[in-house]
Ligand code: ZN
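Numbering (the numbering used here), first residue to last: 898 to 1089.
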């Protein structure tokens, strides 16, 4: 398992709800935390490891010793939003790219944990932003999509560089063609 980069098709995939919490899922979630820490991130969505499942992990401390700060969100939904606030974001699938994004200031999120228990959290500040960013990933939405027009113009050359690099790796056979990647995603989608 590895973190995929823009424009991998998994990052544009609308992921399907998880129907069962299996030992395999628990193992994958553990691997997602480990990848996230290795990349010094605070959140990682399944789409970012090319899994079309509605799950993401967050640890705002980015410190693997702080296990009590680890949170797993399965089939998450934002049920309430309040206010708007703009701040800088980045993404492990778009290394070294940063930009200002407007998000809801406060949210109420509902999800299931790894034991299958439903929970609800009221979040603000960084936690609210991180959850909105990661939940977007599950719908195939990237933070750059939510930047202002001026912001998008500014990052366009960087995105185009990512694109060129990705296509080159596909030409070299290091990364499979989009059609193959899409087929793989379809095959591992949760089946109700
Ligand atoms: Zn991201």
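Backbone N, C-alpha and C define an ideal beta-carbon position, used for all residues, glycine too.
- About 7 Å separates the beta carbon of residue 913 from that of residue 950, a gap short enough to meet the 8 Å contact definition.
- Between residue 986 and residue 1001, the alpha-carbon positions lie close to 14 Å from each other.
- Going by C-alpha positions, residue 1007 is about 14 Å away from residue 954.
- DSSP lists no beta-bridge partner residue for residue 927.
- When DSSP states are grouped into helix, strand and coil, residue 1009 belongs to the strand group.
- Per DSSP, the continuous alpha helix (DSSP H) segment holding residue 1059 begins and ends at 1046-1068.
- Distance from the CA of residue 971 to the CA of residue 1032, rounded to the nearest whole angstrom, comes to 10 Å.
- For the ligand ZN, no non-hydrogen atom lies closer than 7 Å to the CB of residue 1001.
- Runs of the beta strand (DSSP E) spanning 3 or more residues and lying entirely within the segment 930-989 occur at 940-942, 952-955, 968-988, in chain order.
- With a contact defined as Cβ atoms closer than 8 Å, residue 1005 and residue 976 qualify at about 5 Å.
- Approximately 14 Å separates the beta-carbon atoms of residue 900 and residue 959; this is outside 8 Å, ruling out the contact.
- Closest in C-alpha terms to residue 995, from the list 1041, 1012, 967, 969, comes 1041.
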